[in-house]
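Structure first, then comments.
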Amino acid sequence: LGVSFALDDFGVGYSSLTYLRRLPVETIKIDQSFVRDMLQDVDDLAVVAGVISLSRDFKRKVVAEGVETSEQGVWLLRMGCSVVQGYGIARPMHADAVLNWVEAYQQDPSWTQGLV
-10 LGVSFALDDF
0 GVGYSSLTYL
10 RRLPVETIKI
20 DQSFVRDMLQ
30 DVDDLAVVAG
40 VISLSRDFKR
50 KVVAEGVETS
60 EQGVWLLRMG
70 CSVVQGYGIA
80 RPMHADAVLN
90 WVEAYQQDPS
100 WTQGLV
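For the sequence shown, this note's numbering begins at -10 and goes up steadily by one.
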């Protein structure tokens, strides 16, 4: 069928490490509640880093939700998470606006400064 599954909002609600082992998910999405405060709260940073590491170990893709600043994006890139979503990338938009947004998108240079 060509269908893949993502485990959304990982880290809250009913998520469990057992799901990583048993469910045929391709992607794990880190809940925004951890990403939002990870630069101010060492516990949230530890959770984010841990989920990224577990995702890598379980050979799953990882997405960080709720990225609002380039500083958060740079930290996530350094930890090994290269796929993010949130207002730091774009606000929600109608489907008919996506193509124009993609064509006009200019990455903020602060996202990659110091990563070399």
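From the three backbone atoms N, C-alpha and C, an ideal C-beta is built for every residue, glycine too.
Q. DSSP three-state call for ILE78: helix, strand or coil?
A. The residue labelled residue 78 in the question sits at position 89 within the sequence shown. Residue state, collapsed to three classes: coil.
**Q.** Per-residue burial, LYS48 [other beta carbons within 10 Å of its own, 16 or more giving buried]
**A.** On the sequence shown, residue 48 is found 59 positions in, with the first residue counted as 1. Counting Cβ neighbours within 10 Å, LYS48 comes out exposed, since fewer than 16 surround it.
Q. Hey, out of VAL73, ARG45, SER44 and GLY69, whose CA is closest to THR58's CA?
A. Taking the sequence shown and counting its residues from 1, the one referred to as residue 58 is at position 69. Per the Cα distances, VAL73.
(Q) When you compare the CB positions of GLY77 and GLN61, do they come within less than 8 Å of one another, or not? (A) Residue numbering aside, residue 77 sits at position 88 when the sequence shown is read from its first letter. Residue numbering aside, residue 61 sits at position 72 when the sequence shown is read from its first letter. Between GLY77 and GLN61, the gap from beta carbon to beta carbon is short of 8 Å.
Q) When the Cα of LYS18 is compared with those of ASP30, LYS50 and LEU28, which residue comes out closest? A) Within the sequence shown, numbered from 1, the residue matching residue 18 stands at position 29. Scanning ASP30, LYS50 and LEU28 for the CA closest to the CA of LYS18 turns up LYS50.
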